[in-house]
Amino acid sequence: MSPRTALVPVTLSLLAALLLSACAGSEPAATPPAADQPPPPAAPSGPAYGVLYVDDGGLKLTNLHTGTTTALALGRLAVQTHAASADARWVAVAVATGDSVRLALVDTRTATLQPLHAAARGTVYSLAWSPDGPGLAFGFYAGPPPSGDERTGPGGIRLADARGGGIRDAGCSSSTIVQSWLPDGRLAVSDGRNLYVVERDGCATRSTVDARRMHELTIAPDGRRMAYLHRELRYDAGRRAYVPDSTLMLAGLDGSEAVEVAGDRYRAHRPAWSPDATVLAFDVAVPEGSGRLVSLYDRDTQQATYLVPPDPGHTASDVRPLWSPGGTRLAFTRREGETAHPMVYTFTDLLLRAVSTGTLRQPALVGWAGDDALLLQDPDGAAVLAPVQGPAVPLPTARTLLHGWPVEPAARP
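Structure, rendered in structure tokens:
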């Protein structure tokens with residue numbers, strides 16, 4: 086046998102071995118048993134709402150959906166005033182500390198706080214957001230609040246943008262209170278005696294009205310009219326004495342076209358405009374009985390009607406009407422004896438409901454959290470989120486419950 090022919094079987098044997106080895110290598114390796122792994126995090130399951138509040142530790146924001154709480158400012162704080170933007174994203178908060186009053190902006194989406202302004206202790210702030218959201222006008226003056234013919238102490242009016250860009254002076258020389266940021270861009274401001282409509286830049290005056298007898302003044306969202314209690318003394322011949330006379334009025338911002346909505350016998354209080362400015366809600370005394378009821382004044386028909394007509398022998402008091410942001414619902418507090426209960430009237434289905442208050446004993450109506458839930462709080466600080474339909478959800482105990490809003494549900498991990 087020649088050397089050449091002797092090599093063939095060896096070569097074939099080597100190729101076969103290599104092929105068998107390759108085929109064996111293509112099989113998946115056995116996976117060793119996995120060690121114990123922690124379970125994946127649970128998906129957020131809380132109600133899709135956020136709340137802003139002050140407790141003994143400071144200013145805090147809690148996302149109820151994820152269960153996370155962010156401390157925005159620490160220390161013992163006393164809330165002087167606050168206001169949320171139209172889209173509920175930003176909340177301006179003025180808080181008093183030991184030696185000063187500070188104004189800050191809270192961004193509810195990012196859970197961050199932006200300082201805006203600080204002044205000496207006793208300073209009084211007023212706030213007005215622009216109708217489109219990010220613009221904020223704020224007034225401030227050295228307290229106390231004026232009374233009678235007094236004007237406010239020294240101060241001013243400033244303009245800010247929640248998206249950044251600094252703070253600028255509106256240019257008002259005497260006005261220190263901001264009442265409203267009007268849809269046309271002008272401001273309604275006051276010096277404690279007069280109400281002015283002014284240009285936002287430079288504060289040039291466009292109208293002036295004496296506001297010394299105007300109480301509980303509120304300007305319609307469309308900026309066309311204002312509601313107020315006109316209060317003065319009248320002589321009561323039966324009593325042989327002067328007595329207060331309070332009449333609920335509507336008028337233009339310059340005082341023109343004044344219309345009486347409810348006379349003194351109704352003792353109207355707490356006027357509140359619907360978001361579309363077509364209806365004014367307020368509570369009144371029931372002349373033919375006892376207690377109080379919520380009344381609605383239609384701007385177009387110029388007629389007032391009871392939200393819930395009184396029953397014979399009506400003794401409960403329905404007070405403090407509060408519109409939902411979308412205007413489809415109206416909340417109020419029903420008081421009877423020592424008890425108080427929040428009620429909600431829905432205009433789309435004409436239904437009146439008592440909302441769940443959980444374990445609260447004396448729930449106060451704080452505000453709306455969107456269109457479908459209320460914020461309620463007891464005097465001891467216990468608080469709940471109360472859906473219009475459904476059980477109440479406990480909230481963190483707070484000294485002051487400020488604001489609530491719907492949040493986007495978090496994605497499942």
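Sequential numbering of the sequence shown, starting at 86, is according to my numbering.
C-beta atoms are modelled at their ideal positions from N, C-alpha and C, and glycine is treated no differently.
Note that the structure is a prediction, hence the values are computed from the model and not measured.
Check: Sub-7 Å separation of residue 422 and residue 477 beta-carbons; Outcome: no
Check: Neighbour-count burial assignment, residue 272, 16 or more Cβ in a 10 Å radius; Outcome: buried
Check: Beta-carbon gap between residue 179 and residue 190 smaller than 7 Å; Outcome: no
Check: Which residues DSSP lists as bridging residue 224, in chain order; Outcome: 211 and 242
Check: Per-residue DSSP class, three states only, for residue 349; Outcome: helix
Check: C-alpha distance - residue 482 paired with residue 488, whole-angstrom precision; Outcome: 14 Å
Check: Proximity winner among 398, 325 and 314, relative to residue 367 (alpha-carbon distances); Outcome: 314
Check: Pick from 435, 221, 395 and 388 that is closest to residue 419, judged by C-alpha positions; Outcome: 395
Check: For residue 439, the first and last residue of its enclosing beta strand (DSSP E); Outcome: 436-439
Check: Span separating the alpha-carbon of residue 353 from that of residue 233; Outcome: 21 Å
Check: CA-to-CA distance, residue 335 to residue 430, given in whole angstroms; Outcome: 24 Å
Check: Unbroken beta strand (DSSP E) run spanning residue 254, endpoints; Outcome: 252-254
Check: Minimum Cβ-Cβ distance from residue 471 to chain D less than 7 Å; Outcome: Absent from the structure is chain D; it holds one protein chain and no more.
Check: Beta-carbon separation (whole angstroms), residue 277 vs residue 243, contact threshold 8 Å; Outcome: Not confirmed; about 18 Å, so no contact.
Check: Those runs of the beta strand (DSSP E) which lie wholly inside the stretch 151-188 and span at least 3 residues; Outcome: 153-159, 163-169 and 175-181
Check: Residue span of the beta strand (DSSP E) that contains residue 374, given as start and end; Outcome: Premise fails: residue 374 is in no beta strand (DSSP E) and is neither H nor E.
Check: Alpha-carbon spacing of residue 415 relative to residue 312, whole angstroms; Outcome: 18 Å
Check: Inter-residue Cα distance where the pair is residue 211 and residue 397; Outcome: 43 Å
Check: Residue 344 burial status per 10 Å Cβ neighbour count (16 or more: buried); Outcome: exposed
Check: Nonlocal neighbours in the same chain, by C-beta distance under 7 Å from residue 163, ignoring five residues either side; Outcome: 180 and 181
Check: Member of 377, 325 and 308 whose CA lies at the smallest distance from the CA of residue 274; Outcome: 308
Check: For residue 337 and residue 310, believed in contact at Cβ under 8 Å, the rounded distance; Outcome: 6 Å
Check: Residue 452 - partner residues in DSSP beta bridges; Outcome: 460
Check: Selected residue, minimal CA-CA separation from residue 154, among 288, 258 and 194; Outcome: 194
Check: Three CB pairs or more closer than 8 Å across the stretch 243-257 and the stretch 281-288; Outcome: yes
Check: Proximity below 7 Å, CB of residue 362 to CB of residue 305; Outcome: yes
Check: Residue 389 versus residue 289 - alpha carbon distance; Outcome: 37 Å
Check: Beta carbon of residue 266 nearer than 7 Å to that of residue 347; Outcome: no
Check: C-alpha gap between residue 471 and residue 177, whole angstroms; Outcome: 24 Å
Check: Nearest to residue 342 (by Cα), restricted to the options 457, 294 and 246; Outcome: 294
Check: Residues near residue 320 by beta carbon distance below 7 Å, same chain, minus five either side; Outcome: 327
Check: Residues near residue 270 in its chain [Cβ-Cβ closer than 7 Å; skip 5 each side]; Outcome: 285
Check: Straight-line gap, residue 169 to residue 407 (C-alpha atoms, nearest Å); Outcome: 15 Å
Check: Buried or exposed by the 16-neighbour rule on C-beta atoms within 10 Å, applied to residue 318; Outcome: exposed
Check: Contact check, residue 246 vs residue 219, beta carbons under 7 Å; Outcome: yes
Check: Proximity of residue 369 and residue 359 at Cβ, strictly below 7 Å; Outcome: no
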